[in-house]
Amino acid sequence: MKEQLALLPQYVTAHLQLTLFALAAGMAFSIPAGIAITRSPRFERPVLAVASVIQTVPSLALLAIMVPALSALGLRSIGFLPALIGLSLYSVLPILRNTVTGLSGLDPALTEAARGVGMTPRQQLWRVELPLAMPVILAGVRTATVWTVGMATLSTPVGAASLGNYIFSGLQTRNLTSVLVGCVGAAALALVLDGLVRALGAALVGRRRSPLFVVLATLGVLYAYSSVTFVQGLRRSGPDRIVVGAKTFTEQYILGRILALQIEKSTGSPVEVVSSLGSTVVFDALRAGEIDAYVEYSGTIWATIMHRDSAPATRAASPTTRAALLSEVSRFLESQHGITVAGPLGFENAYALAMRRGQATGLAVKSISDLARHAPRLAIGGDYEFFDRAEWRAIRDIYGLEFRDQRSMDPSLMYQAVANGEVDVIGAFSSDGRIAALDLTVLQDERGAIPPYDAIILAGPRLVRERRDVLAALSALAGRIDADEMRRMNLAVDQEGAAPDDVAARFVRAESP
Amino acid sequence: MHGNGRPGPPLERGSKCHAWRAGKREGLYYSGVIEARNLTKQYGRVTAVDGLSLTVAEGELVVLLGGSGSGKTTTLKMLNRLIEPTSGRVVIDGQDALSVAPHELRRRVGYVFQRVGLFPHMNVGENVAITLTLMGWDRGRAAARVEELLELVELDPAAMRERRPAELSGGEQQRVGVARALAASPRLMLLDEPFGALDPLTRDRLQQSFLRIRRTLRLTAIFVTHDMVEALLVGDRIGVMHHGRLVQVGTPSQLLQAPADDYVRQLMNTPRRHAALVDSLLARPSTVAQGVPSSVEGRDSESS
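So the protein lines, in turn, are chains A and B.
All you need for the working numbering is the position in the first sequence, starting with 1, plus 897.
All you need for the working numbering is the position in the second sequence, starting with 1, plus 107.
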């Protein structure tokens, strides 16, 4: 808890930067655009329609889309930029719509009077239309403010830090205090910013100097603070700064931190861990040089990056040994993407079908072949991507599995779900400590449908070119974590409530002579 | 005299109104003669104003009288280009109105709106001073002018200057509207049913105030109304409009005595009938004269 709260200023600052810059960009676009389309009404419908369509894209998807879109444009595709653009787009509609409503809802007698007393169109806009529409426009800004603060918590998976880091990691590691800190922090921030905009409106309407000055000064300070810290952040990410990535589950949080500590210990370089990245985002980020290293699984590269249909390949080459697949994956990454495998950590985290030991014994199920006979009466659960993955299709087709029910659920909940009997089988991760802790049994894959999933440290091109010392530090971890060690560490976080960073620190300390 | 207004009385340039005027004299102001030549406004196939020609002499007040949809307001708005004419010309002081930037033109022509149109986010003082602000007057000078104008329209500057339009009664609002229109010392005023929305007593007081101001400043004015009695009361000449055309232009007595057509005759009969009715009521012995409004003088009672 203490070390989590220590991160609070950093996350609040990052959240504030995202929100304030996105709102500034949203207003800078939407208010002039709103003015323009009230001047030429034939654009009103198409422009508002586009803004509405953007709004209908689920916010998480909108942010995720930014990553490949920016990547295609050759821009920095993870971190601050995609989050900023996504949030800015999202803030457009409320501000734009309220600007249009506010301006077109003005009493025509007033706009005519403005012309009648001799105002130019510009004077009419600045002296009459905008002041009178201002309360409606600011109401739109308030809506956008609350939305943007909320949606900024979703920028964690695209690599931008925010209060969402508490929520994402808290949900994955079942740390509800962390989730609560993130939610309460975001809510408080939303209330404060919303209150400021409301106070700005009240001060403008009341036309009293001193409250207006106070509100503007507060906003000015917030913007200045965000800009200064943002520029400092850019400076800090200098050439000797190493960035380690991590996906969005417990094991990755622990391993990301272990990598970071190892690099810091051996080279003295500052290391930043960007965690909770989406699993395709993280590979693209490594390839693009936006992160320098992360832990991947050989089978994932095999199935999702190399697009090997694991079923025929594994059967044809059966038994595809861990070593053979690993060397093929290494060659592929080296030649196609310039990515180096710094070494296998020494354990596998494979997909595995697991069920309650008691039920498996009762049904006399030891292998996936045995399961196939009972499957039509059973329900299977898997994480969100499991049923879309090539591995699942291979298992299903090779063994002819046909379940009564198939349910996607959060990986952190699925072990409890099978233990409680809500589902009968889950697509588990073999390194998860909860398999043993909850007395589950892993079914044998005797026909080799599931490829091996060696945990491997991937190092980006920059490390090979410029930072051999970092590469050496990472290679030193090869073979140092076996399956038992990993399960124990995962269990410490998932069941015993330890912080991933503490577990990682303990590991690195124990490893040191 | 159908359509073609005859020339008015001889012009009196440099008359006493200049002595009153505190505003700057740059020779930019029009002499007060306004002339519409063959003014036409079409909305698609509908002709709102059809070939209207009218000349107003300096210091003259011409009423445009007609029912709703007769084109009188459209005509008025074309004179200061709030509505651009489809064809025809407006000549003010010998200068084509189309050759001047619209906002420049409107600053020199006072306009009083039927719906007043005071800016709700500005106080009374700022509303009155708006044209001066647009023209770049400094604060002190504008404030002095505002005080003068509020006194002219019989409002107490000290009590009124800081108030918001929403806090004023209808009559007070329109007095402020008149003051605003007079701010830049225009010699030409256009008034669009300025007192139409007011109760009869308030309307009467504002009419009297306006007539006094007009005399003091020797304003040339065009005054739109649908109220026959108001037209007879304020107009030096009355132009009757019907279906977008100017049917007849003449002094009130000319119109009463020699209506040009049935429409004008019917129009002139209305006040006659009303007068006859009042006369017959007065003639009855049981009716006392106090039932009839006897005086229209006196300070505002329109304040709320």
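Think of the CB as a built atom: it goes at the ideal place given N, C-alpha and C, for glycine as much as any other residue.
Return the CA-CA distance between residue i and residue j, expressed in angstroms with no decimal places.
i, j, result
"phenylalanine 918 of chain A", "aspartate 263 of chain B", "50 Å"
"valine 219 of chain B", "proline 301 of chain B", "6 Å"
"methionine 296 of chain B", "alanine 328 of chain B", "5 Å"
"leucine 960 of chain A", "alanine 948 of chain A", "16 Å"
"valine 1179 of chain A", "threonine 1237 of chain A", "15 Å"
"leucine 1088 of chain A", "alanine 1396 of chain A", "29 Å"
"glycine 1082 of chain A", "alanine 911 of chain A", "12 Å"
"glutamine 914 of chain A", "arginine 1403 of chain A", "34 Å"
"glutamine 1303 of chain A", "alanine 1200 of chain A", "22 Å"
"alanine 966 of chain A", "valine 1367 of chain A", "31 Å"
"isoleucine 975 of chain A", "alanine 1057 of chain A", "7 Å"
"valine 153 of chain B", "lysine 184 of chain B", "17 Å"
"phenylalanine 1065 of chain A", "proline 1348 of chain A", "29 Å"
"tyrosine 1350 of chain A", "threonine 1197 of chain A", "7 Å"
"methionine 1203 of chain A", "alanine 1352 of chain A", "17 Å"
"alanine 396 of chain B", "alanine 390 of chain B", "At alanine 396 of chain B the pLDDT is 48, less than 50, meaning the model places this residue with poor confidence and gives no usable figure here."
"valine 1112 of chain A", "threonine 309 of chain B", "45 Å"
"alanine 1389 of chain A", "valine 1400 of chain A", "7 Å"
"arginine 270 of chain B", "leucine 363 of chain B", "45 Å"
"arginine 268 of chain B", "arginine 994 of chain A", "36 Å"
Examine the ligand MG and report whether any of its heavy atoms sits within less than 7 Å of the Cβ of residue i.
i, result
"arginine 1019 of chain A", "Looking for the ligand MG in the displayed structure turns up nothing, as the structure carries no ligands at all."
Strictly below 8 Å CB to CB, what residues from chain A border residue i?
i, result
"arginine 214 of chain B", "Val1014, Gly1015"
"arginine 287 of chain B", "Val1014"
"threonine 180 of chain B", "Simply none; closest approach about 11 Å."
"threonine 238 of chain B", "Val1014, Gly1015"
"leucine 205 of chain B", "Going along chain A, no residue has its Cβ under 8 Å from leucine 205 of chain B, so there is no contact; the nearest lies around 16 Å."
Quick one: is residue i buried, meaning 16 or more other Cβ sit within 10 Å of its Cβ, or exposed?
i, result
"glutamine 221 of chain B", "buried"
"leucine 970 of chain A", "exposed"
"glutamate 337 of chain B", "buried"
"alanine 417 of chain B", "This structure cannot settle anything about residue 417 of chain B, because the visible part of chain B is limited to 108 through 411."
"glutamate 1231 of chain A", "exposed"
"aspartate 369 of chain B", "exposed"
"glutamine 202 of chain B", "exposed"
"glycine 1175 of chain A", "buried"
"glutamine 1069 of chain A", "buried"
"leucine 972 of chain A", "exposed"
"histidine 381 of chain B", "exposed"
"glycine 1009 of chain A", "Here the sequence assigns glutamate to residue 1009 of chain A, which means glycine is not the residue at that position. With 16 or more other Cβ atoms within 10 Å, it is buried."
"valine 1125 of chain A", "exposed"
"phenylalanine 317 of chain B", "buried"
Could you name the residues of the same chain whose beta carbon sits closer than 7 Å to that of residue i, not counting the 5 residues immediately before and after it, in chain order?
i, result
"arginine 1301 of chain A", "Pro1273, Arg1274, Leu1275, Ala1276"
"leucine 986 of chain A", "Ile951, Leu959"
"alanine 1041 of chain A", "Leu920, Gly923, Ser988, Pro991, Ile992"
"proline 1216 of chain A", "Its pLDDT being 44, under 50, proline 1216 of chain A is placed unreliably by the model, and the measurement read from it follows with that caveat. Same-chain partners within the cutoff: Gly1345."
"aspartate 1091 of chain A", "Arg1039, Thr1042, Val1043"
"aspartate 306 of chain B", "none"
"glutamine 314 of chain B", "Phe302, Glu337, Leu340, Val341"
"glutamate 1148 of chain A", "Asn1246, Ser1328, Met1383, Asn1387"
"threonine 998 of chain A", "Val1033"
In chain order, what residues of the same chain lie with their CB nearer than 6 Å to the CB of residue i, ignoring the 5 residues before and after it?
i, result
"valine 197 of chain B", "Ala143, Leu186, Ala204"
"glycine 158 of chain B", "Asn145, Thr147"
"glycine 1130 of chain A", "none"
"methionine 1383 of chain A", "Phe1244, Ser1328"
Residues of chain B with CB closer than 8 Å to the CB of residue i, please, in chain order.
i, result
"proline 1028 of chain A", "His228"
"valine 1033 of chain A", "Chain B residues near valine 1033 of chain A: none, gap ~13 Å exceeds 8 Å."
I want to verify the contact list: residues of chain A whose CB lies under 7 Å from the CB of residue i, in sequence order.
i, result
"tyrosine 218 of chain B", "Gly1013"
"histidine 210 of chain B", "Gly1015, Met1016, Thr1017"
Which residues of chain B have a Cβ atom closer than 9 Å to the Cβ of residue i, listed in chain order?
i, result
"leucine 1156 of chain A", "Within 9 Å Cβ-Cβ: nothing; leucine 1156 of chain A doesn't reach chain B, min ~60 Å."
Taking 8 Å as the limit between beta carbons, can you name the residues of its chain near residue i, skipping five residues before and five after?
i, result
"alanine 1375 of chain A", "Ala1239, Gly1240, Pro1241, Leu1242, Gly1243, Ile1354"
"alanine 1412 of chain A", "Absent from the structure is residue 1412 of chain A, since the part of chain A shown begins at 898 and ends at 1410."
"glutamate 133 of chain B", "Model confidence at glutamate 133 of chain B stands at a pLDDT of 40, short of 50, so the residue's coordinates are unreliable and nothing is read from them."
"leucine 1007 of chain A", "Val1025, Leu1029"
Give me the chain C residues within the contact set of residue i, using Cβ-Cβ distance strictly less than 7 Å, ordered along the chain.
i, result
"arginine 222 of chain B", "No chain C appears in this structure, whose protein chains are A and B."
Which residues in chain A sit within 9 Å of residue i, going by Cβ to Cβ distance?
i, result
"leucine 241 of chain B", "Val1014, Gly1015, Met1016, Thr1017, Gln1020, Arg1024"
"proline 189 of chain B", "Residue identity check: residue 189 of chain B is leucine in the sequence provided, not proline. The contacting residues are Glu1009, Arg1012, Gly1013."
(Q) Could you tell me which whole beta strand (DSSP E) segments of length 3 or greater appear in the segment 1159 to 1238 of chain A? (A) If we require 3 residues or more, the beta strand (DSSP E) runs fully inside the segment 1159 to 1238 of chain A come out as 1168 to 1171, 1190 to 1194.
**Q.** Complete runs of the beta strand (DSSP E) confined to the segment 194 to 260 of chain B [at least 3 residues]
**A.** Listed in chain order, the complete beta strand (DSSP E) runs (minimum 3 residues) inside the segment 194 to 260 of chain B are 194 to 199, 216 to 219.
Q. Which runs of the alpha helix (DSSP H) spanning at least 4 residues fall entirely within the segment 1021 to 1075 of chain A, listed in chain order?
A. Whole alpha helix (DSSP H) segments, 4+ residues: 1027 to 1049, 1061 to 1069.
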